[in-house]
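One structure below.
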Ligand code: GDP
Ligand code: MG
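Residue numbers (my numbering): 3 to 425.
Take a look at the structure:
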């Protein structure tokens, strides 16, 4: 059985939290795209963890975790992240962590190029996490990437690295007027951080193909949300990978298998990190109140997140792009105490209202159409059954469910594993 847990919005919907909860019933959790620009927060009896590269199933000792071929992996970051988790008592061995030989390595020069480009763009910057993600995916498609499996063939890798650096240094020295990247430093970096993970490298597609045929339950964990997908998101303010569920079997190495179930994780209001159109955005005191209530600061970067009310148009589009079968609505508790709750029910452009998501400059020009729903003035974090919730909260859930045309199965009322309600 293949399920995907994916983001409906701009990312940071609480995917890590839902993967940690639902992976109890799964044998394998697979990250299939992105890199350490992800920040997936998991809070359970073991403590609080912010996972960047590691699949969120790593905290369950009986779950096998896979980093798929669709990922880009910064080896130094991986080394540190594994070290931190092991220090916290988490078991990580080649038995419960498998890294795809086809995943691409994110090197220090990718991070450097990301920073140089954001600085060159100045006010026109993308709002990159500066973790090298766009340059490394760019290199993948330029066929100038180094793959994890190359670490197992050092003689060939040496030659390959030299050729790549000759090419990369043209950009670094001539375009950005920066110092060239030295071969010896990069080779040392690859040895220092690559050697310790050699036993984890394998053909993860082969492993997953067999696991699926053996009737194992496999969960794909996406990074970011539908609105950051490279093809269907708010381009160019997207990430550089496909965040959508349809890509999961490809990024995991089993394009010969089909998804059975897509769980879309959707926030009860909107947040967005980085630049680009964010139609429902609110500012000033109202925004600050929501940001504070939701603790909306980036898990990977600490940046304050932009905030706004729930956006029906964007979320309905996200549900469609993800092909979500059911929704997990997160952070409902954050809305407690607001007298009335704004909802962005449509966009207005050139005097007309629409609930279809817009393209390019139309999206830039769109204005939000806001309606208000009645709030509830009590703490809902202890609610565990639908009937524990105040009627206004039920009404809000039903309203959103109808608006996005997808069944809400889980409602999360707190960051900890058990703080949720099943409908
Ligand atoms: P991800 O990137 O989708 O995994 O989400 P993040 O971890 O970046 O952001 C979600 C944040 O909200 C984290 O700080 C979580 O601990 C927290 N969180 C998740 N679900 C809930 C919830 O239902 N209520 C509250 N108050 N916090 C939540
Ligand atoms: Mg996050």
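Ideal Cβ placement from N, Cα and C applies to all residues, glycine included.
Predicted model, so just to flag it, every value in this text is computed and none were measured.
Backbone CA spacing between residue i and residue j [nearest angstrom]
i	j	result
residue 493	residue 157	Here the chain covers residues 3 to 425 and nothing more, so residue 493 does not appear.
residue 87	residue 379	39 angstroms
residue 314	residue 405	6 angstroms
residue 229	residue 420	28 angstroms
residue 263	residue 165	43 angstroms
residue 200	residue 194	11 angstroms
residue 413	residue 141	40 angstroms
residue 400	residue 179	56 angstroms
residue 395	residue 319	23 angstroms
residue 189	residue 174	18 angstroms
residue 34	residue 283	30 angstroms
residue 306	residue 144	34 angstroms
residue 177	residue 22	44 angstroms
residue 210	residue 37	20 angstroms
residue 147	residue 295	42 angstroms
residue 368	residue 281	7 angstroms
residue 234	residue 155	37 angstroms
residue 127	residue 216	47 angstroms
Spatially closest choice to residue i from the options, by CA coordinates
i	options	result
residue 382	121, 340, 230 and 186	340
residue 172	67, 111 and 161	111
residue 96	149, 198 and 128	198
residue 424	391, 401, 407 and 402	391
residue 357	293, 317 and 13	317
residue 311	352, 337 and 74	337
residue 69	106, 63 and 399	106
residue 232	323, 306, 151 and 403	323
residue 92	114, 146, 63 and 77	63
residue 114	9, 133 and 146	133
residue 75	271, 139, 416 and 65	139
residue 26	218, 321, 285 and 415	218
residue 246	398, 191, 326 and 192	326
residue 11	275, 137, 109 and 98	275
residue 32	71, 16, 14 and 50	71
residue 82	393, 234 and 196	196
residue 30	125, 50 and 7	7
residue 135	192, 244, 9 and 360	244
residue 67	286, 28, 300 and 39	28
residue 129	286, 252, 397 and 39	39
Cutoff 7 angstroms; reference residue i; Cβ partners in own chain excluding five residues on either side
i	result
residue 18	42, 43, 44, 53 and 58
residue 214	4, 220, 256 and 259
residue 170	111 and 183
residue 151	103, 104 and 203
residue 167	183, 185 and 188
residue 403	409 and 410
residue 416	335 and 383
residue 9	15, 17, 224, 226, 227, 228, 245 and 267
Beta-carbon contacts of residue i that lie in its chain and below 6 angstroms, excluding the five residues immediately before and after
i	result
residue 303	131
residue 80	55
residue 249	none
residue 278	236 and 239
residue 309	273, 289, 292, 293 and 298
residue 328	265, 409 and 411
residue 343	337, 375 and 377
residue 418	45
residue 373	345 and 347
residue 159	152
Start-to-end residues for the alpha helix (DSSP H) that takes in residue i
i	result
residue 154	Counting along the chain, residue 154 falls outside any alpha helix (DSSP H), and DSSP gives it neither H nor E.
residue 386	No alpha helix (DSSP H) contains residue 386, which DSSP labels as neither H nor E.
residue 135	135-143
residue 117	110-123
residue 18	17-24
residue 35	Residue 35 -> no alpha helix (DSSP H), and no H or E assigned at all.
residue 14	Run containing residue 14: none; DSSP gives neither H nor E here.
residue 88	77-89
Proximal residues to residue i (C-beta, below 8 angstroms), its chain only, five neighbours per side dropped
i	result
residue 355	348, 349 and 371
residue 48	61, 90, 91 and 92
residue 65	25, 28, 29, 30, 31, 59 and 98
residue 73	33, 34, 35, 36, 37, 55, 102, 105, 106 and 253
Delimiting residues of the beta strand (DSSP E) encompassing residue i
i	result
residue 331	328-332
residue 407	That residue, residue 407, is in no beta strand (DSSP E); it is neither H nor E in DSSP.
residue 42	42-46
residue 264	263-269
residue 320	From DSSP, residue 320 is part of no beta strand (DSSP E) but of the alpha helix (DSSP H) over 314-324.
residue 344	342-351
residue 101	99-102
8 angstroms Cβ cutoff, residue i in contact with chain C
i	result
residue 242	The structure shown contains no chain C, having only a single protein chain.
Counting pairs of Cβ atoms below 8 angstroms between the region 264-283 and the region 327-334, do you hit three or more?
Between the region 264-283 and the region 327-334, the count of C-beta pairs closer than 8 angstroms reaches three or more; the two stretches touch.
Could you tell me whether the region 361-374 touches the region 383-392, using the rule of 3 or more Cβ pairs below 8 angstroms?
no
Would you check if the region 196-206 and the region 102-115 touch, i.e. whether three or more CB-CB distances between them fall below 8 angstroms?
yes
Stretch pair the region 209-223 + the region 105-122: three plus CB contacts closer than 8 angstroms:
no
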